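Shown next, in structure tokens, is the structure this report addresses.
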Amino acid sequence: TDDFESPDFYQLDDLLTDEHKLIRSSIRDFVKKEITPYIEDWAENNQFPADIVSKFGEIGAFGPTVPVDYGGGGLDYTSYGLIMQEIERGDSGMRSTASVQGSLVMYPIYAYGSEEQRKKYLPKLASGEMLGCFGLTEPNHGSNPGGMETHIKDMGDHFLLNGAKMWISNAPKADIAVVWAKNQDGRIKGLIIERGMEGFTTPETHGKWSLRASCTGELVFSDVKVPKENVLPNKDGLGAPLGCLDKARYGIAWGVVGAAMDCYESARKYALEREQFGKPIASFQLVQKKLAEMLTEITKAQLVNWRLGKLMDEGKATSAQISLAKRNNVEIALNIAREARQIHGGMGITGEYPMMRHMMNLESVVTYEGTHDIHLLILGHKITGIPAFG
Ligand code: TGC
Ligand code: FAD
Numbered sequence: 018t019d020d021f022e023s024p025d026f027y028q029l030d031d032l033l034t035d036e037h038k039l040i041r042s043s044i045r046d047f048v049k050k051e052i053t054p055y056i057e058d059w060a061e062n063n064q065f066p067a068d069i070v071s072k073f074g075e076i077g078a079f080g081p082t083v084p085v086d087y088g089g090g091g092l093d094y095t096s097y098g099l100i101m102q103e104i105e106r107g108d109s110g111m112r113s114t115a116s117v118q119g120s121l122v123m124y125p126i127y128a129y130g131s132e133e134q135r136k137k138y139l140p141k142l143a144s145g146e147m148l149g150c151f152g153l154t155e156p157n158h159g160s161n162p163g164g165m166e167t168h169i170k171d172m173g174d175h176f177l178l179n180g181a182k183m184w185i186s187n188a189p190k191a192d193i194a195v196v197w198a199k200n201q202d203g204r205i206k207g208l209i210i211e212r213g214m215e216g217f218t219t220p221e222t223h224g225k226w227s228l229r230a231s232c233t234g235e236l237v238f239s240d241v242k243v244p245k246e247n248v249l250p251n252k253d254g255l256g257a258p259l260g261c262l263d264k265a266r267y268g269i270a271w272g273v274v275g276a277a278m279d280c281y282e283s284a285r286k287y288a289l290e291r292e293q294f295g296k297p298i299a300s301f302q303l304v305q306k307k308l309a310e311m312l313t314e315i316t317k318a319q320l321v322n323w324r325l326g327k328l329m330d331e332g333k334a335t336s337a338q339i340s341l342a343k344r345n346n347v348e349i350a351l352n353i354a355r356e357a358r359q360i361h362g363g364m365g366i367t368g369e370y371p372m373m374r375h376m377m378n379l380e381s382v383v384t385y386e387g388t389h390d391i392h393l394l395i396l397g398h399k400i401t402g403i404p405a406f407g
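Numbering follows UniProt numbering, with no gaps: position 339 of the sequence shown is 356.
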């Protein structure tokens, strides 16, 4: 495990266990072999590599914190974070596939589902035999999911589901969808919708300049008959989907540091090789300033992630702490991608280097799972006690 590439400026490896380092290096090897050689082509061709799903299942990228009895990894939150970091070093779209499956599909079935639902779905989701998606956002309700219009009507032996979800990662390929809908009392319920249910379609969203190797789509429900046993029984209200988002946002806080590290490493190597005015560009103070600031921000983000992982394990992490990490780390990753792109000069705009792809991906990451400004307002609410959303 001593072949871990920098940066580890504050010797955070001393705080990791041997198991953490082993998990990180095995995911890193996988990404180097199965993602990095192909990702520019997948992104350019707007192609989701469908076989990545079973491969992610094999390496334990789905639901690492879910107990082993249900097919998960039974690992701690630092392991989960390291897995997301190494996958996103490869590509944010690939990390999206893994974080949706683990945090937004497996987690709600595990935490809010019945024992039958857990047994029926979790092992297949963990192994990659099944792909899932998470439907919260709607065409008219993004930052304010509490306003959702998708609803269920009690028909005695089943519910009738109507409405539509938009911007749903994995939707066009998913076997199941965890969908949030209001009942007749206006209370939000979680439902497991299976592909093949009559009246359920998943049209693909085209024309994205971001997360091009991840597939995104809509979920459209037209009088879908949902058996009552497909309702998640153990939690309802907006807090149920928001509880899943906390897990996914935590993984994103780690993931984007992987993207930032990939850009930093590329820029460091390029600066040492590229010569102008008879010297490597790394010898110019302005280039060194960029690299020093990148390393500083990566190191700060790593420290935030490490501590947050411990708080997650102890069940003490608050939503506002998770918002701070997601918001800060996506912002520094975006800035680092832009600065690294500049260090590569013209070469930086091509697919020969990863920065433009990371930069475009990160524009989605700074928007999904709560926009940058929504996370700022969550912090503002925490600091002042006054919600400024509505
Ligand atoms: P508010 O009144 O504050 O809260 C409603 C209820 O929810 C509880 N709650 C939480 N519970 C658990 N975890 C959290 N993080 C929670 N935040 C709030 C709260 O206690 C309350 O419970 P109760 O029992 O009193 O009812 O709700 P609000 O309507 O004012 O909204 C607050 C706001 C704006 C922060 C929230 O709506 C929000 O986070 N909006 C952003 C929406 C968002 O993040 N959407 C993400 C969609 S999924 C996605 O993007 C996946 S991309 C994945 C990928 O590809 O990787
Ligand atoms: P809006 O909510 O319309 O926001 C537009 C702008 O207004 C933003 O800048 C926002 O910050 C600002 N704004 C909104 N309200 C306020 C306020 N109160 N104060 C100040 N500013 C405000 N959703 C899912 O449910 N499942 C998925 O799998 C999923 N995957 C996604 C994949 C991709 C590629 C993308 C782009 C999105 C995905 N989303 C998913 C949706 C994502 O969560 C939403 O895009 C996000 O929550 C923002 O909603 P919106 O796009 O409707 O923007």
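Even for Gly, the Cβ is constructed at its ideal location relative to N, Cα and C. Bear in mind the structure is a predicted one, so any value in this text is a computation, not a measurement.
Return helix, strand or coil for residue i, following the three-state DSSP convention.
{"i": "SER239", "result": "strand"}
{"i": "GLY163", "result": "helix"}
{"i": "THR401", "result": "helix"}
{"i": "ILE52", "result": "coil"}
{"i": "VAL233", "result": "The amino acid at residue 233 is misidentified as Val; the sequence shows Thr. Of the three classes helix, strand and coil, the one that applies to THR233 here is strand, per DSSP."}
{"i": "GLU310", "result": "helix"}
{"i": "GLU386", "result": "coil"}
{"i": "GLU133", "result": "helix"}
{"i": "GLN293", "result": "strand"}
{"i": "MET214", "result": "coil"}
{"i": "SER227", "result": "coil"}
{"i": "residue 15", "result": "Because the chain spans 18 through 407 in this model, residue 15 falls outside it and cannot be assessed."}
How many angstroms separate the CA atom of residue i from the CA atom of residue j?
{"i": "VAL48", "j": "GLY107", "result": "6 Å"}
{"i": "ALA128", "j": "GLY260", "result": "10 Å"}
{"i": "PHE79", "j": "ARG266", "result": "15 Å"}
{"i": "TRP271", "j": "GLY173", "result": "45 Å"}
{"i": "GLU57", "j": "PRO371", "result": "8 Å"}
{"i": "ASP330", "j": "TYR281", "result": "29 Å"}
{"i": "LEU396", "j": "ASP263", "result": "14 Å"}
{"i": "ILE366", "j": "PRO84", "result": "43 Å"}
{"i": "THR316", "j": "ASN352", "result": "14 Å"}
{"i": "GLY326", "j": "GLU105", "result": "17 Å"}
{"i": "ILE349", "j": "MET278", "result": "11 Å"}
{"i": "ILE400", "j": "LYS199", "result": "31 Å"}
{"i": "GLN319", "j": "MET214", "result": "44 Å"}
What are the residues that DSSP puts in a beta bridge with residue i?
{"i": "LEU178", "result": "ILE169 and VAL241"}
{"i": "PHE151", "result": "VAL195"}
{"i": "LEU208", "result": "VAL196 and VAL248"}
{"i": "HIS158", "result": "GLU155"}
{"i": "GLU221", "result": "GLY234"}
{"i": "ILE185", "result": "GLY234"}
For a cutoff of 8 Å on Cβ pairs, would you count residue i as touching chain E?
{"i": "ASP108", "result": "In the structure shown, chain E does not exist; there is a single protein chain."}
### Message
Measuring CB atoms only, is the segment 171-189 touching the segment 235-253, in the sense that at least three cross pairs come out at less than 8 Å?
### Response
yes
### Task
Could you tell me whether the segment 180-199 touches the segment 143-162, where touching means 3 or more Cβ pairs closer than 8 Å?
yes
### Task
Indicate whether the contact test is met: 3 or more Cβ pairs, each with one atom in the segment 290-297 and one in the segment 98-116, closer than 8 Å.
no
### Message
Contact between the segment 89-101 and the segment 328-348 is defined here as three or more beta-carbon pairs at a separation below 8 Å; is this criterion met?
### Response
A contact exists between the segment 89-101 and the segment 328-348.
### Task
Tell me, please, whether the segment 300-314 touches the segment 385-392 by the rule of three or more beta-carbon pairs shorter than 8 Å.
no
#### Entry: Cβ contact (3+ pairs, closer than 8 Å) linking the segment 131-148 and the segment 161-173
Result no; under three Cβ-Cβ pairs closer than 8 Å.
### Task
Pick out the complete alpha helix (DSSP H) segments inside the segment 358-382, 4 residues or longer, and give them in chain order.
372-382
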